[in-house]
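K.L.:
If you count the sequence shown from 1, position 70 lands on 73 in this note's numbering, and the numbers rise without skipping.
Yeah, the Cβ is synthetic: ideal placement off N, Cα and C, and Gly gets one too.
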Amino acid sequence: MIFTRITTIVAWIVLVGSAMRILTGVGIAAEILGPYEETLRRYGGGATTSGEIIDHAVHGLFIALALGTMTEISKHFRG
């Protein structure tokens, strides 16, 4: 029961964080946040391209979906 709640919280945190990273990557690529190289250095977190930022964020999104699915299965079996 406690692990189900913890996993739900973690899944939401990863989901929101991944969505924010995707928006950051798109903002860098579209140069909404400023010149490409400058904003990539500032907000990229060591990434070499904005596509790399988006790629890692999509992986995080899939992890959040998997955690959420496992949480729903756990809630179903708990009753």
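Which class does E75 belong to by DSSP, given the choice of helix, strand or coil?
P.N.:
Helix.
K.L.:
Distance, Cα to Cα, G20 vs I31?
P.N.:
Taking the straight line from one Cα to the other gives about 16 Å.
K.L.:
Please confirm whether I57 and G37 have their CB atoms less than 8 Å apart.
P.N.:
It is not a contact, given that the beta carbons lie outside the stated cut-off.
K.L.:
Taking M23 as part of the alpha helix (DSSP H), name the residues at either end of that continuous run.
P.N.:
First-last of the alpha helix (DSSP H) with M23: I5 to A32.
K.L.:
May I ask which residues mark the beginning and end of the alpha helix (DSSP H) holding T2?
P.N.:
Examination of residue 2 is not possible in this model, given that the chain is present from 4 through 82 alone.
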